[in-house]
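In our numbering, the protein residues as written are 1425 to 1574.
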């Protein structure tokens, strides 16, 4: 497991640690090219992976699968092992968010899903996803994806 703990530039901020689960949603084209589905933040439109809170009693892989469906309509197979993690702060929050990230092979995108009208979703070639992902820790994880046994 790759762990990327990046410190925020906010020094002295007081907040709480918030655990989240996220999914790197991927597919391979017929020629083997790896693509990653990124979603836009509702607040600022920056690109990231589907992620969010755990429901009571929910595993991180189940939370990652649920968030991927809610935010991007993803239907697929989630790896129960954590691929890696990263930490970040939201612009207006003193909380530090810690995301356990799972790989999710996408088989289908649902026609309807809860956040379809409030988030943008876009497939990116892996190299472009690495460049365009907002969180530095996520970019580190994406850069490890090509070497992962998918």
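Backbone N, C-alpha and C define an ideal beta-carbon position, used for all residues, glycine too.
| Query | Result |
| --- | --- |
| Helix, strand or coil at residue 1517 according to DSSP, with G and I counted as helix | coil |
| N- and C-terminal bounds of the beta strand (DSSP E) containing residue 1549 | 1545-1549 |
| Cβ-based neighbour list, residue 1506, same chain, cut-off 7 Å, excluding 5 preceding and 5 following | 1425, 1484, 1524, 1525 and 1526 |
| Proximity below 8 Å, CB of residue 1559 to CB of residue 1510 | yes |
| Residues of its chain near residue 1562, where Cβ-Cβ distance is below 7 Å and the 5 sequence neighbours each way are ignored | 1472, 1473 and 1510 |
| Candidates 1490, 1495, 1487 and 1551, of which the one nearest residue 1464 by Cα | 1495 |
| CA nearest to the CA of residue 1458, picked from 1557, 1547 and 1565 | 1547 |
| Whole-angstrom C-beta distance between residue 1528 and residue 1500, which should lie under 8 Å | 5 Å |
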